[in-house]
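Residue 5 is where the sequence shown starts when you use our numbering, and the numbers rise one by one after that. By construction, the Cβ of each residue, glycine as well, lies at the ideal position given by its N, Cα and C atoms. One structure below.
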Amino acid sequence: MIMRMLSFCRRVRDWVKGFVERAMTERQLEEPELAEENLVRDVSVPVPMPKSEPRCAGRANVQVDGVLTGGDGRPVRTAIVYQSELDFISRCILDYPHIETGGQLFGFWTAAGIPVVLFAIGPGPRANHQAAFFNQDVDYLVRVGQMLIGRYGLQHIGEWHSHHQLGLARPSGHDAATMVHCIKRQNLRQFLLCIGNCTDTASELNAFAFTQDAGYDYVHAAWDVKTGASPFRTVIARDAALTALLTEPATVHPSIGAIYSVGDRATFVVPTYAAGYWLNTKANNLVLKRLVDHFAAFALPGSACVVQMDQGKCVHLRFDTKAGAMEIVFPQRFPLESPLVLRDGALCESAFARWEPADDLFADVCAYYDALTTVSGITTTTDIPDVSKGEKDGSIAL
Ligand SMILES: [Zn+2]
5 MIMRMLSFCR
15 RVRDWVKGFV
25 ERAMTERQLE
35 EPELAEENLV
45 RDVSVPVPMP
55 KSEPRCAGRA
65 NVQVDGVLTG
75 GDGRPVRTAI
85 VYQSELDFIS
95 RCILDYPHIE
105 TGGQLFGFWT
115 AAGIPVVLFA
125 IGPGPRANHQ
135 AAFFNQDVDY
145 LVRVGQMLIG
155 RYGLQHIGEW
165 HSHHQLGLAR
175 PSGHDAATMV
185 HCIKRQNLRQ
195 FLLCIGNCTD
205 TASELNAFAF
215 TQDAGYDYVH
225 AAWDVKTGAS
235 PFRTVIARDA
245 ALTALLTEPA
255 TVHPSIGAIY
265 SVGDRATFVV
275 PTYAAGYWLN
285 TKANNLVLKR
295 LVDHFAAFAL
305 PGSACVVQMD
315 QGKCVHLRFD
325 TKAGAMEIVF
335 PQRFPLESPL
345 VLRDGALCES
355 AFARWEPADD
365 LFADVCAYYD
375 ALTTVSGITT
385 TTDIPDVSKG
395 EKDGSIAL
């Protein structure tokens, strides 16, 4: 009996560790090729999977709430969640309004393959929060995950993380690649990825359903929100051992903006960049992430490279350096137009800086920034006119 229990515990631990390790190493993963055999699968052959992994039990089309859902390997268009879990995630997101945070989603799949989010967890105490990525505290996830799976039989059905004020209300290209890779490697039928966004005062959360068969062709699923508290949150609140482990967000009150729910499926539009903006492609989202990582290295210790979107829907990178507060603005016509580089609010210009983009936008932006700022020590802020008044002629020439 003891041996069987030990064996079960080991299986649960190994599974949680396996998934976490993949989540933690996502930044090193290459975008995988979809294997041909994944596109055509013999539905009569059961897919062997460990007990604790999410699976899609049904493969026939099923009518739920008047909405045809994908039992044919297509991602479902609905995700069920209790209000208590949306509230919990909202508080977590608002704890970090300018930086990424995240956690995991536990629950079940319905026979039609619809995810039911019954218990969400947030970042553990040693999670790594950065402007452009988030890594969960592995130890925290393993310990909490073991209890949620072992004591309550919940399944790890998805992940969530926040893109804070980046203005990207969907998975980045890197996020999608990570999902596709994990689903394929784990031989999961499907997985749920939720992306949060926020202002300083309210949060949003969008659900994206991935399946092995659909690969990168994921679906933005509408929330079917069940009012009140998840029965599992209520029960777990009385579990002293588990609540002692769980990290609570500091933000006391949830504040949820518009969410895409089954009731407004026809009218809801996810906030996106303007048509034609460079960040509308997955490849360029990867470029932005690389730029954020690159410029974070220029930032003063303890500060980050923050990504923001202005009212004109242009993305700005901001970071504080020894030379001053730097800002890189990507105008609507970028990369046809150069990025703007500002120091302490003043436009940087240099006879040596030419914007001549080639094939590699990341390298082009880095080189342009370097050309504009390498002699930055010469100028002082007292020489710098205010470009916000449009005094382009008065901007500094280095
Ligand atoms: Zn992301």
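May I ask you to report which of helix, strand or coil DSSP gives residue i?
{"i": "V51", "result": "For V51, the predicted model reports a pLDDT of 26, less than 50, meaning its position is unreliable; a value from the coordinates is still stated below. Coil."}
{"i": "I413", "result": "With the chain running from 5 to 402 in the structure shown, residue 413 is simply not present."}
{"i": "N191", "result": "coil"}
{"i": "S166", "result": "strand"}
{"i": "V146", "result": "helix"}
{"i": "I118", "result": "coil"}
{"i": "R95", "result": "helix"}
{"i": "E89", "result": "helix"}
{"i": "K230", "result": "strand"}
{"i": "C318", "result": "coil"}
{"i": "L292", "result": "helix"}
{"i": "S380", "result": "With a pLDDT of only 48 at S380, under the threshold of 50, the placement of this residue in the model should not be trusted; the figure read from the coordinates follows. Of the three classes helix, strand and coil, the one that applies to S380 here is helix, per DSSP."}
{"i": "L365", "result": "helix"}
{"i": "I153", "result": "helix"}
{"i": "V266", "result": "helix"}
{"i": "V333", "result": "strand"}
{"i": "L172", "result": "coil"}
{"i": "F1", "result": "Look at the range of the chain in this structure, 5 to 402, and you will see that residue 1 is not part of it."}
Near residue i, what residues of its chain come up, given a Cβ to Cβ distance below 6 Å and the 5 sequence neighbours on each side ignored?
{"i": "G261", "result": "A206 and E208"}
{"i": "I97", "result": "S166, G200, C202 and S207"}
{"i": "G328", "result": "R347 and D348"}
{"i": "Q190", "result": "none"}
{"i": "L304", "result": "D324"}
{"i": "C198", "result": "W164, L209 and A211"}
{"i": "L170", "result": "V311"}
{"i": "I332", "result": "L321, P343 and V345"}
{"i": "M313", "result": "G171 and V319"}
{"i": "N288", "result": "W282"}
{"i": "C309", "result": "A135, V296, F299, A300, A303, L321 and F323"}
{"i": "P50", "result": "Confidence at P50 is low in this model, with a pLDDT of 26, below 50, so its placement is unreliable and no value can be given for it."}
{"i": "F338", "result": "W282"}
{"i": "K286", "result": "G177"}
Using the beta-carbon count (16 or more within 10 Å), is residue i buried or exposed?
{"i": "D268", "result": "exposed"}
{"i": "G280", "result": "exposed"}
{"i": "E341", "result": "exposed"}
{"i": "V120", "result": "buried"}
{"i": "S56", "result": "Confidence is the limiting factor: at S56 the pLDDT is only 32, short of 50, which leaves the residue's position unreliable, though a coordinate-based value still follows. Looking at its Cβ environment, which holds 16 or more other Cβ atoms inside 10 Å, S56 is buried."}
{"i": "D141", "result": "buried"}
{"i": "E104", "result": "buried"}
{"i": "G126", "result": "buried"}
{"i": "Q315", "result": "exposed"}
{"i": "D179", "result": "buried"}
{"i": "F334", "result": "buried"}
{"i": "K326", "result": "exposed"}
{"i": "A407", "result": "It is not possible to answer for residue 407, since the shown part of the chain is limited to 5 through 402."}
{"i": "T182", "result": "buried"}
{"i": "R81", "result": "buried"}
{"i": "G162", "result": "buried"}
{"i": "G232", "result": "exposed"}
{"i": "A355", "result": "exposed"}
{"i": "N139", "result": "buried"}
{"i": "A362", "result": "exposed"}
{"i": "A115", "result": "exposed"}
Assuming residue i and residue j are in contact, meaning their beta carbons sit under 8 Å apart, how far apart are those beta carbons, in whole angstroms?
{"i": "R237", "j": "F112", "result": "R237 to F112, Cβ: 15 Å. No contact."}
{"i": "A135", "j": "V296", "result": "5 Å"}
{"i": "S265", "j": "Y86", "result": "Actually they are not in contact, since the Cβ atoms of S265 and Y86 sit about 13 Å apart, beyond 8 Å."}
{"i": "Y100", "j": "H168", "result": "7 Å"}
{"i": "R95", "j": "T255", "result": "4 Å"}
{"i": "L292", "j": "R147", "result": "Contact doesn't hold; Cβ gap of about 34 Å is too wide."}
{"i": "G117", "j": "Q194", "result": "6 Å"}
{"i": "G149", "j": "H160", "result": "6 Å"}
{"i": "Y372", "j": "A357", "result": "6 Å"}
{"i": "F214", "j": "V184", "result": "7 Å"}
{"i": "A218", "j": "R78", "result": "6 Å"}
Skipping 5 residues on each side, what residues in its chain have a beta carbon closer than 8 Å to that of residue i?
{"i": "L90", "result": "L209, W227, V229, P258, I260 and I263"}
{"i": "L290", "result": "S176, G177 and H178"}
{"i": "R294", "result": "F366"}
{"i": "P336", "result": "Reading off the sequence, residue 336 comes out as Gln, not Pro. Excluding positions up to five away in sequence, the list reads A278, G280, Y281, G316, K317 and C318."}
{"i": "C370", "result": "L295 and H298"}
{"i": "R155", "result": "D243 and L246"}
{"i": "P253", "result": "F92, R95, C96, L98, D99 and G126"}
Apart from the five residues on each side of it in sequence, which residues of its chain come closer than 7 Å, Cβ to Cβ, to residue i?
{"i": "L152", "result": "F110, F123 and L158"}
{"i": "Y220", "result": "A180 and V184"}
{"i": "H102", "result": "H168, Q169 and V310"}
Ligand 2 and residue i: does any heavy atom of the ligand fall closer than 8 Å to the residue's C-beta?
{"i": "V319", "result": "Questions concerning ligand 2 fall outside what the structure shown contains, since the ligands it does hold are ligand 1."}
task = Could you please go through the chain and list the residues whose beta-carbon is closer than 5 Å to any non-hydrogen atom of ligand 1?
result = S176 and D179
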